[in-house]
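Enquirer: Our numbering applies: residue 57 is where the sequence shown begins, and numbers increase by one. Idealized CB from N, CA, C, for every residue including glycine. All of these numbers come straight from a predicted model, not from anything done at the bench.
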Amino acid sequence: MMKRVPTFWTSSIWHMKTIYKPMKKIKITVLYAEDDPILREKFKKILSQKFETLLVAENGREGYDLYVEHKPDLILSDIKMPEMDGLEMIEKIKKLDKSAKAIVMSAFSKPHYFLRAITIGVQSYLIKPVETKRLFTAIDELADRIMLERNIKYEEYRRVKLEDMIRQSKSVQEAVNFATEEFLRFDFSEETFKKVLKNLGRATGASRVYIFENAIIDKALVTSHKIEWTNKNIKSQIDNPDLQYFNFAKSGFKRWVDTLKNDKPLYGLVKNFPEKEKEILSAQNILSIAVLPIFIHNKWWGFIGFDECTYEREWSDTDLKIFSITADIIGAAIHRNQVEQELLLLNNELETRVDKRTKALQKQVNDRKLAEILLRESEEKYRQIFENANDGILLTVDGVIRFVNPKLCEITGFLPKEAIERPFTDFVHPDYRDVVYDNHVGRLKGMVVQERYDIKVFTKSGEEKWFEIKSALLTWEQKPAVLTFISDVTERKRTEDELSELNLNLEKRVKEELKKTEEQQRLLIQKSKLESLGELAAGIAHEINQPLGGISMAMDNILIKLNDGEVSKDYLQQKIRQSFEDIERIKTIIDHIRTFSRGQQQTEFTKVDINVVIRNALSIINNLYSNHQINFVLDLVETDNFVYGNQYRLEQVLLNLLSNAKHAVDEKKEKQGSDSSFNKRISINSASRDKNLVIVIEDNGIGIANEHLNKIFDPFYTTKEFDRGTGLGLSISYGLIKEMKGDIKVESEQDKYTIMSITLPKFKS
57 MMKRVPTFWT
67 SSIWHMKTIY
77 KPMKKIKITV
87 LYAEDDPILR
97 EKFKKILSQK
107 FETLLVAENG
117 REGYDLYVEH
127 KPDLILSDIK
137 MPEMDGLEMI
147 EKIKKLDKSA
157 KAIVMSAFSK
167 PHYFLRAITI
177 GVQSYLIKPV
187 ETKRLFTAID
197 ELADRIMLER
207 NIKYEEYRRV
217 KLEDMIRQSK
227 SVQEAVNFAT
237 EEFLRFDFSE
247 ETFKKVLKNL
257 GRATGASRVY
267 IFENAIIDKA
277 LVTSHKIEWT
287 NKNIKSQIDN
297 PDLQYFNFAK
307 SGFKRWVDTL
317 KNDKPLYGLV
327 KNFPEKEKEI
337 LSAQNILSIA
347 VLPIFIHNKW
357 WGFIGFDECT
367 YEREWSDTDL
377 KIFSITADII
387 GAAIHRNQVE
397 QELLLLNNEL
407 ETRVDKRTKA
417 LQKQVNDRKL
427 AEILLRESEE
437 KYRQIFENAN
447 DGILLTVDGV
457 IRFVNPKLCE
467 ITGFLPKEAI
477 ERPFTDFVHP
487 DYRDVVYDNH
497 VGRLKGMVVQ
507 ERYDIKVFTK
517 SGEEKWFEIK
527 SALLTWEQKP
537 AVLTFISDVT
547 ERKRTEDELS
557 ELNLNLEKRV
567 KEELKKTEEQ
577 QRLLIQKSKL
587 ESLGELAAGI
597 AHEINQPLGG
607 ISMAMDNILI
617 KLNDGEVSKD
627 YLQQKIRQSF
637 EDIERIKTII
647 DHIRTFSRGQ
657 QQTEFTKVDI
667 NVVIRNALSI
677 INNLYSNHQI
687 NFVLDLVETD
697 NFVYGNQYRL
707 EQVLLNLLSN
717 AKHAVDEKKE
727 KQGSDSSFNK
737 RISINSASRD
747 KNLVIVIEDN
757 GIGIANEHLN
767 KIFDPFYTTK
777 EFDRGTGLGL
787 SISYGLIKEM
797 KGDIKVESEQ
807 DKYTIMSITL
817 PKFKS
C-alpha cells in the first residue's frame, strides 16, 4: 500500500520547486534511499541536477546492494523503510567502509534514533520537513570535505612524484659528471664505457643501456651492438646475433635512420611503433625505448639507447635532454680516442718506416748524410701531424711559446706571430694563472702534477673560453720543454651549467609544492583528530546511556508507587540517592572529557600515574568495546608506577593504540565470519624495568605484514584503502612519546597478534 504524503511535505516540495535554479553539478556519486514514491521522485529530480551521478533506492536492502556495487561518496536516507530501515542500512555499509559519509532525513525526532545515528557514524541528522537550504548546506559541507580529501591525496601524490624527479635528476647529473670525469681521467677502454653505462643505468632506473656503432657493408648502412649494461632480472642482448650487422633498410627501420641522422631523438612506447619495429623490439621484452644519436665530427657514428622492460615509461623532456648531453659526451670521448689512436698509429708507422729507411741507406751514405736524411723525414712527418691535428698544440721552453699549430690559432684567433715568443700565461684568465704556472714548474721539476684540467683563456676578440689542456714533458734543443694539447670545451661547460640550472629550477619547484602541501597536511591532521573525536563520542554515549537508564527506571518506579499509594519516605530516599549516584557518574564522565580536551593544549610535563591514565582511557571506551564483545585483560604494576610526562597526551596515545587494536580484532572476526569460535581479546600490562616503566598493549587481531612494520610510524603511511584513514594516528603517537623522552615499538605476526610497547622514564623525585 502506498503511504499517504503529509501536507507539510507537499508544501515543502512545492517550495523547493519554486526556488530551484540551475546549478553546476558536483562531481561526486550520491545514493538516495526513500520508500515514499512521491518524495523519491521529487528529490530525484532535484538531486540529479546537483550531482554528477545519482543512485536511487526504494528501501534499505536495495540501497545496500547499490552501495556494494557502485561505492558512492555520499548517502542520503530516510529511516523507516520496508525490508531494511535506513539506520540498519548505514550500519551495514559502515562495516564495509568505515569512512562512508551519510545524512539521515527523518520525521522521527526521538533521542534514541538520534543517539543510534551518532553511534553508527552518521554525519548529519535532519528532521523532516527539511528546508532545501538546510539540506543543501549539509550536503555541500560533506561534498566539500570529500573533494578536499581527494585533492589532498592527489597533491600528496604529486609531491612524492616531484621529489622522485629531483632525486633522479641529481642521480643522473652525477652519472653524467661521472662519465665526463672517467673519459678525462682514464684511457679510453671498454671497461671505462661499462662503468659509465652502469652509472647511467642505475641513475635513470632503465632496464638496459647500450651503444650501437654504424658501418657500411656492401653499400648498405648497418649497425652492431657493442657495449651493454642490464639491470637485475633483465635479459642481456649483447650476444644476440640478430643485433650484429643489423641492416636498417631490410629490417624496416628506415624511420630510425631518417630521425637519428638528423640529430633527433627517437623515443616512445613500443606498442605505438610501426609493426616491423614493434616485432623486433618486443622480442627483446622492450615496452618503452629512448634512442639518441652519437655524432663524431658532424658524422652520425651510432647511437646510445635506454630500454624499459618492466613498465610503459613516458620519457620526459628532461630525460631526453640529459640523454642527449650523454650522447654528446660519448661522441667527444670517441673522437678524442680516434685522434689519439691516429697520432699513435702515425708515430708507429713513422718509426717503422724510419727504421726500414735507415737500414736501406746505411749501405749508400755515411753516418752524417744518413742523419740529415732521417732528420728531414722526421721533421716533415711531425710537421704534418703538428699542423693537421684536431687539437691545438703549443711548445713552450722556459715558459715562453716557441711553436703553435694552425688549430690553436683557429680556436684562439691569434696569429702565430702574435703568440710566439710571449709567455704562455699572458693568454690565461687571471683566475687560473697560478694553477697553470704551478703545474708547469712542477712538471719541469719532475713532480707528479695533474695531466688534464680545464682553464679559462682569452681569445683575441676578448671572449672568454673554456679549454682543456693536457701536457707532456720532452727535450727541445737540449732544453726541457713542455708540449701541450688544447681542446675547446666551452660547449661542454655550457651544457653542464644548463644541467645545473635545470636542477636548481626543479629544487625551487619542489620547495613551492612542499609549501602548498603544508596547509593540506595541517587539514589532514585536523581530520585525524575529528575521526578520533567521533569514535570517542561513541564511547561516551555508551558510558552515559547506562546511568541515564538507571535514572529513568528509578523515576518510573517512583511514579508507579505514587499511583498505587505505596511510596514510603525510605523508598523515596533510596531511589533519590541512587539517582544522585548516577548523576554523579555522568558528571564525572563529562568533567573527565572536558579536562582531557583542555589538557590537549597543555605542554608542561609533571608527575603522572600511568595506572590512572590507563583506567581513565578505559572508562571512556569500556562499554563501547564490551558491546563489540571484546575481552579486556588488565595487569598493572601497583608500586613505583609514576613517570615524568603529560597525562593527557599519554591518554591520547593509549586511546589511539586501543582504537587500532579494536579495529584489528573486529576485522579478524569479520574475515572469519560470525560462526567462528574466535574470541576478540585486548590485554594491557604495565611493568617496571630498571629506570623505566613499560606499557604493553596486545591484541589477537589481523596483525601487520613484515613489509609494513618499519613504515607504520611514518607520517601519512597507511595500509587502509583510499578515504579510510590519514596515516597520522601512529605518527602523532610516536611524536608525543618522543616528546616525553620515551620510545614506542611494534611487534607483530600477520593474522596472529600485534604488540605495541611504550617505554617511559620513571619520575625522579
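When burial is assigned at 16 or more other CB atoms within 10 Å of the CB, is G621 buried or exposed?
Expert: Exposed, since its Cβ has fewer than 16 Cβ neighbours within 10 Å.
Enquirer: Relative to the C-alpha of T662, which residue among N687, R705, N683, N672 is closest?
Expert: Comparing Cα positions, the closest option is R705.
Enquirer: Within 10 angstroms of the Cβ of P330, are there 16 or more other Cβ atoms? Answer buried if so, exposed if not.
Expert: So P330 ends up on the exposed side.
Enquirer: Along the beta strand (DSSP E) that carries N354, what are the first and last residues, could you check?
Expert: Neither: N354 is in no beta strand (DSSP E) and is coded neither H nor E.
Enquirer: Among all the DSSP beta bridges, which residues are the ones paired with A528?
Expert: Partner(s): L539.
Enquirer: Cα-Cα, which of G469, G518, L530, I467 is closest to H496?
Expert: Among G469, G518, L530, I467, the Cα nearest to that of H496 is on L530.
Enquirer: Quick one: what does DSSP say K312 is sitting in, helix, strand or coil?
Expert: The sequence given here has Trp at residue 312, not Lys. It is helical.
Enquirer: N756: which of H719, G798, T810 sits nearest, CA to CA?
Expert: It is T810 whose Cα lies nearest to the Cα of N756.
Enquirer: DSSP three-state label for H281, please.
Expert: Three-state result, H281: strand.
Enquirer: Quick one: is M503 buried, meaning 16 or more other Cβ sit within 10 Å of its Cβ, or exposed?
Expert: The residue in question, M503, is exposed, as its Cβ has fewer than 16 Cβ neighbours within 10 Å.
Enquirer: Based on DSSP bridge pairs, tell me the residues matched to A271.
Expert: BP columns for A271 point to V278.
Enquirer: Using beta-carbon positions only, say whether S730 and N697 come within less than 8 Å of one another.
Expert: Not a contact, by the Cβ cut-off of 8 Å.
Enquirer: Between which residues of its own chain and A427 is the CB-CB distance below 6 Å, once the five residues before and five after are set aside?
Expert: Note on A427: pLDDT 49, under 50, position unreliable in the model; the coordinate value appears next. None.
Enquirer: Any chance you could list the alpha helix (DSSP H) runs of at least 4 consecutive residues sitting entirely within the region 349-406, in chain order?
Expert: Qualifying alpha helix (DSSP H) stretches: none in this window.
Enquirer: In whole angstroms, what separates the C-alpha of K73 from that of N601?
Expert: Low confidence applies here, because K73 scores a pLDDT of 40, under 50, leaving its location unreliable; read the following figure in that light. Cα-Cα distance, rounded: 42 Å.
Enquirer: Which residue comes first and which comes last in the alpha helix (DSSP H) that contains D722?
Expert: Here the alpha helix (DSSP H) through D722 covers 703-728.
Enquirer: Compare the C-alpha of K512 against each of P486, E333, R499, K501 and name the closest.
Expert: When only C-alpha atoms are compared, the closest one is P486.
Enquirer: Roughly how many angstroms lie between the CA atoms of G791 and V802, to the nearest whole one?
Expert: When rounded, the distance between both Cα atoms is 15 Å.
Enquirer: Assuming L765 contacts S813 (C-beta within less than 8 Å), just tell me the rounded distance between them.
Expert: Between S813 and L765 the Cβ distance is about 13 Å, and since that is not below 8 Å, they are no contact.
Enquirer: Let me know the secondary structure DSSP gives K77 once reduced to three states.
Expert: Legend: pLDDT at K77 = 49, less than 50; position of this residue unreliable, no value from coordinates given.
Enquirer: Can we count S744 as close to the ligand SAH, meaning its CB is less than 7 Å from some heavy atom?
Expert: Within the structure as shown, the ligand SAH is missing, as the structure has no ligands at all.
Enquirer: What are the start and end residues of the alpha helix (DSSP H) that includes D121?
Expert: Counting along the chain, the alpha helix (DSSP H) containing D121 begins and ends at 116-126.
Enquirer: Where does E557 sit, in a helix, a strand or coil, going by DSSP?
Expert: If DSSP states are grouped into helix, strand and coil, E557 belongs with the helices.
Enquirer: Enumerate, from N- to C-terminal direction, the unbroken beta strand (DSSP E) stretches of 3 or more residues contained entirely within the region 742-809.
Expert: Here the runs fully enclosed are 748-755, 799-805.
Enquirer: Reducing DSSP to helix, strand and coil, say where K98 ends up.
Expert: Looking at K98 - three-state DSSP - the assignment turns out to be helix.
Enquirer: Can you tell me whether V504 is helix, strand or coil according to DSSP?
Expert: Of the three classes helix, strand and coil, the one that applies to V504 here is coil, per DSSP.
Enquirer: What does the Cβ neighbour count give for N825, buried or exposed, with the cut at 16 atoms within 10 Å?
Expert: There is simply no residue 825 to check, as the chain begins at 57 and stops at 821 in what is shown.
Enquirer: Tell me, please, which residues DSSP counts as bridged to F459.
Expert: L451, per the DSSP bridge assignment.
Enquirer: Check E547 in the structure and name its three-state DSSP category.
Expert: If DSSP states are grouped into helix, strand and coil, E547 belongs with the helices.
Enquirer: The beta strand (DSSP E) that contains L680, what's its start and end?
Expert: No beta strand (DSSP E) contains L680, which is instead part of the alpha helix (DSSP H) from 666-683.
Enquirer: Taking all protein chains shown into account, do 16 or more other C-beta atoms lie within 10 angstroms of the C-beta of L447, making it buried, or fewer, making it exposed?
Expert: Inspection of the sequence shows that residue 447 is occupied by Asp rather than by Leu. The residue is buried, with at least 16 neighbouring Cβ atoms inside 10 Å.
Enquirer: Looking at D91: is its Cβ nearer than 8 Å to the Cβ of P138?
Expert: In contact: D91 and P138 (Cβ atoms closer than 8 Å).
Enquirer: Is it true that the CB of I149 sits closer than 8 Å to the CB of I131?
Expert: Against a cut-off of 8 Å, the Cβ pair of I149 and I131 comes out as a contact.
Enquirer: Report buried or exposed for H281, applying the criterion of at least 16 other Cβ atoms within 10 angstroms of its Cβ.
Expert: Burial call: buried.
Enquirer: Do S787 and P771 have their C-beta atoms closer together than 8 Å?
Expert: Yes, the Cβ-Cβ distance between S787 and P771 is below 8 Å.
Enquirer: Decide yes or no for the touch test of the region 185-200 against the region 532-547: beta carbon pairs closer than 8 Å, at least 3 of them.
Expert: No, because fewer than three Cβ pairs between the region 185-200 and the region 532-547 fall closer than 8 Å, the two stretches do not touch.
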